[in-house]
Amino acid sequence: MQAWFFLFIAASFETAWTYSVKYMTFDLLKTLRWNTFYTPNVGLPILLPFVGYVVFGIANIYFFSQAIKQIPTPTAFAVWTAMALALIKAVDVFIFKTNWSLTELFFLTLIGVGIVGLRVYSAG
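Under full-length UniProt numbering, the letters of the sequence shown match residues 1 to 124, in that order.
Dropping the structure here:
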């Protein structure tokens, strides 16, 4: 049971990592200066996605590695990917207010059914 919790945590960090990548701007990184990199309106919007990229990426790898010690790797990878996809869509809809359709909801429900099925019938 703990391994499945680790898998959910890893998918959550994967979601955060994905948004860190989305908001990284390599060109602006060159504009950071020692006296402004920590200021809320100048440096932090540039620096935080890079920090998130590293922190969320390491946390994702750690929790996923803990999960695959107890869950078969193909099952863990499929569930991790599906959970991350569902979480990314949920963040898009509920936080960033993007549009969604009933078709998307239907297929996300199928993914959810697949996650539950893999959890219930997994060998690990």
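Ideal Cβ positions, reconstructed from N, Cα and C, are used throughout, including at glycine. Predicted model, so just to flag it, every value in this text is computed and none were measured.
Nonlocal neighbours in the same chain, by C-beta distance under 6 angstroms from residue i, ignoring five residues either side
i, result
"Glu14", "Asn60, Ala84"
"Gln66", "Phe6"
"Gly57", "Trp17"
Beta carbon of residue i nearer than 8 angstroms to that of residue j
i, j, result
"Leu44", "Tyr38", "yes"
"Ile46", "Val79", "no"
"Ala10", "Gln70", "no"
"Leu108", "Ala86", "yes"
Integer-rounded CB distance, given that residue j should sit under 8 angstroms from residue i
i, j, result
"Trp17", "Tyr53", "7 angstroms"
Spatial neighbours of residue i in its chain, beta-carbon cut-off 8 angstroms, leaving aside the 5 residues before and after
i, result
"Val21", "Pro49, Tyr53"
Opening and closing residue of the alpha helix (DSSP H) in which residue i lies
i, result
"Ile95", "It is not in any alpha helix (DSSP H) - Ile95 carries neither H nor E in the DSSP assignment."
"Tyr38", "Taken as a continuous stretch (DSSP letters only), Tyr38 belongs to no alpha helix (DSSP H), as it is neither H nor E."
"Asn99", "It is not in any alpha helix (DSSP H) - Asn99 carries neither H nor E in the DSSP assignment."
"Gln70", "First-last for Gln70: undefined, no H or E at that position."
"Lys30", "That residue, Lys30, is in no alpha helix (DSSP H); it is neither H nor E in DSSP."
Of the residues the options, the one placed nearest residue i, counting alpha carbons only
i, options, result
"Met24", "Ile88, Val51, Ile71, Leu118", "Val51"
"Lys89", "Lys69, Leu105, Phe56", "Leu105"
"Asp92", "Leu32, Tyr19, Pro40", "Tyr19"
"Ser12", "Asp27, Lys97, Phe63", "Phe63"
Close-in-space but distant-in-sequence residues of the same chain around residue i (CB under 7 angstroms, 5 per side omitted)
i, result
"Val42", "Thr36"
"Ile68", "Ala76"
"Thr98", "Asp92"
"Ala82", "Ile111, Gly114, Ile115"
"Leu32", "Gly43, Ile46, Leu47"
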